[in-house]
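Below you'll find the structure, written out as structure tokens, and then a few comments.
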Amino acid sequence: MEILNYAFMQRALLAAVLVGITAPAIGIYLVQRRQALMGDGIGHVAMTGVGLGFLLSWSPVWMATVVSVLGAVLMELIRWYGKTRGDIALAMLFYGGMAGGVMFINLAPGGSNANLTSYLFGSLSTVSESDVTAICLLAAFVVLVTVGLRRQLFAVSQDEEFARVTGLPVRALNLLTAVTAAVTVTVAMRVVGLLLVSALMVVPVAAAQQLTRSFAATFAIAVALGVSVTIGGTVTSYYQDVPPGATIVLLTIGAFILLSVLAAPLARRRARALAAAQPAADPAECTIPATRGAADEVGV
-17 MEILNYAFMQ RALLAAVLVG ITAPAIGIYL VQRRQALMGD GIGHVAMTGV GLGFLLSWSP
43 VWMATVVSVL GAVLMELIRW YGKTRGDIAL AMLFYGGMAG GVMFINLAPG GSNANLTSYL
103 FGSLSTVSES DVTAICLLAA FVVLVTVGLR RQLFAVSQDE EFARVTGLPV RALNLLTAVT
163 AAVTVTVAMR VVGLLLVSAL MVVPVAAAQQ LTRSFAATFA IAVALGVSVT IGGTVTSYYQ
223 DVPPGATIVL LTIGAFILLS VLAAPLARRR ARALAAAQPA ADPAECTIPA TRGAADEVGV
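Numbering (my numbering) for the sequence shown: -17 to 282.
Okay, structure coming up:
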């Protein structure tokens, strides 16, 4: 393929695959926790890290990782202790992150808002070898956490009180989830962009949930969908000269709409097949009352 003849496209495709894996992998836990917009907030905070990277002449990816991790931990602390004023504190954190990024990058020698654009919306041609190295290392951490600790993270995401009763370190796992989400944001910012990364965390998971409610199946479908749309968006942006981040997000939303349309008739067909497979009911006078279970089992 012609696209693979160029080194920058090889780097971009590798980064796209890693983003397609990591974003839905952590996104499924955020959706379960009803924190779908957490990635968007971390993306705002990471802008300060990008600006500091330019100002201090250090890697913007690694600096954004450090700042976004600190921001994610602070967000989790605000969630624990903020109570009624927590939303105000979070708003100041998000908007302060955006303002800090713009300020620092303009204070940097030769810096301007144009330098920030590729990090906000993604850019294929600017993914360097050092960026790919950083993305590979950070993506390995995300996969290790989201797959290796999937049972514990799922339990905490479903019911914190129950997880605490069973002896799980709930606060430590919550902090780990927040840190992993922050790392994922910095993994994705070179391909999708800081302002659009939250969509890639959430929409593939929502699309997968149209087909199945099992955690394991949802996880697998969401990751497969994430990889498909990131590769498709990257290839499309190369041939059509369109922004990669916007293309990837629009493809993801299109996949969600398509799966939503297909899910309804499939659900009706399964319901009819299940009803047909059930034996005829006993006469009323022969029926023995049964007690329904307290909860359905969820596969992890």
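Beta carbons are placed, not taken as given, at the ideal position from N, Cα and C, and that holds for glycine.
Exercise. Which residues in the same chain have their Cβ closer than 7 Å to the Cβ of Ala241, if we skip the five residues on either side of it in sequence?
Worked result: For clarity, residue 241 is Leu in the given sequence; the question names Ala instead. Non-local beta-carbon contacts of Leu241 in its own chain, meaning distances under 7 Å to residues more than five positions away in sequence, involve Ala189, Gln192, Leu193 in chain order.
Exercise. Is Leu52 helix, strand or coil when you go by DSSP?
Worked result: In the structure shown, Leu52 falls within a helical segment according to DSSP collapsed to helix, strand and coil.
For this session: For Ile239, collect the residues of the same chain with a Cβ closer than 6 Å to its Cβ; drop the 5 residues on either side in sequence, then sort them by chain order.
Result: None.
Exercise. What do you get for Phe144, buried or exposed, if any count of 16 or more other CB atoms within 10 angstroms of its CB means buried?
Worked result: By the neighbour-count rule (16 or more Cβ atoms within 10 Å), Phe144 is not buried but exposed.
For this session: Using beta-carbon positions only, say whether Leu176 and Val1 come within less than 9 Å of one another.
Result: For Leu176 and Val1, no; Cβs fall outside 9 Å.
Exercise. I think Met20 touches Ala163, with their Cβ atoms under 8 Å apart; what is that distance to the nearest whole Å?
Worked result: Rounded, the Cβ-Cβ distance is 6 Å, consistent with contact.
Exercise. Along the chain, where does the alpha helix (DSSP H) that runs through Gln134 open and close?
Worked result: Counting along the chain, Gln134 sits inside the alpha helix (DSSP H) bounded by residues 132 to 140.
Exercise. In the structure shown, what three-state DSSP assignment does Val129 receive?
Worked result: Val129: helix per DSSP, three-state reduction.
For this session: Kindly give me the distance between the Cβ atoms of Thr168 and Thr47, rounded to whole angstroms, as I take these residues to be in contact under 8 Å.
Result: The beta carbons of Thr168 and Thr47 sit about 4 Å from each other, so the pair counts as a contact at 8 Å.
Exercise. With contact counted as at least three CB pairs below 8 Å, one residue from each stretch, are the region 197 to 209 and the region 47 to 56 in contact?
Worked result: For the pair of segments examined, the region 197 to 209 was found not to touch the region 47 to 56: the number of CB pairs separated by less than 8 Å stays below three.
Problem set entry | Val174, enclosing alpha helix (DSSP H) - first and last residue | For Val174, no alpha helix (DSSP H) run applies, since DSSP gives it neither H nor E.
Exercise. Would you report the Cα separation of Ser219 and Thr229, rounded to the nearest angstrom?
Worked result: In a straight line, the C-alpha of Ser219 is about 7 Å away from that of Thr229.
For this session: Sort Ala237, Arg61, Val129, Leu102 by Cα distance to Val187 and report the nearest one.
Result: Sorting Ala237, Arg61, Val129, Leu102 by C-alpha distance to the C-alpha of Val187 places Ala237 at the top.
Exercise. Of the choices Leu59, Met85, Ile60, Ala(-6), whose alpha-carbon is the least far from that of Gly35?
Worked result: Measuring from the Cα of Gly35, the nearest candidate turns out to be Met85.
Exercise. What is the DSSP secondary structure of Trp44, reduced to helix, strand or coil?
Worked result: Three-state result, Trp44: helix.
Problem set entry | Val231 vs Gly214 beta-carbon contact at 9 Å | Their beta carbons are not under 9 Å apart, which means Val231 does not touch Gly214 by this criterion.
Exercise. How long is the line joining the alpha carbons of Trp223 and Leu(-4), rounded to whole angstroms?
Worked result: Correcting the residue type first, residue 223 is Asp in the shown sequence and not Trp. Those two C-alpha atoms are separated by around 19 Å.
Problem set entry | Proximal residues to Gly104 (C-beta, below 6 Å), its chain only, five neighbours per side dropped | Val173, Val174, Gly175, Pro226, Gly227, listed in sequence order.
For this session: Inspect the beta-carbon positions of Gly320 and Thr115 and report whether they are closer than 9 Å.
Result: What the structure shows of the chain is the stretch from -17 to 282, and residue 320 is not part of that stretch, so it cannot be assessed.
Problem set entry | Cβ separation of Phe(-10) and Leu98, assumed to be a contact under 8 Å, to the nearest whole Å | Rounded, the Cβ-Cβ distance is 20 Å, inconsistent with contact.
Exercise. Is it buried or exposed for Tyr101, if we count other Cβ within 10 angstroms and need 16 for buried?
Worked result: Note on Tyr101: 16 or more other CB atoms within 10 angstroms of its CB, so buried under the neighbour-count rule.
Exercise. Should Leu120 and Thr159 be called a contact, given that it needs their Cβ atoms to be closer than 9 Å?
Worked result: Their beta carbons are not under 9 Å apart, which means Leu120 does not touch Thr159 by this criterion.
Exercise. Which residue comes first and which comes last in the alpha helix (DSSP H) that contains Asp22?
Worked result: In the DSSP assignment, Asp22 falls within the unbroken alpha helix (DSSP H) covering 20 to 37.
For this session: Please go through the same chain and pick out, in chain order, the residues whose beta-carbon is closer than 8 Å to the beta-carbon of Val129, but skip the five residues on each side of it.
Result: Result list for Val129: Ala7, in chain order.
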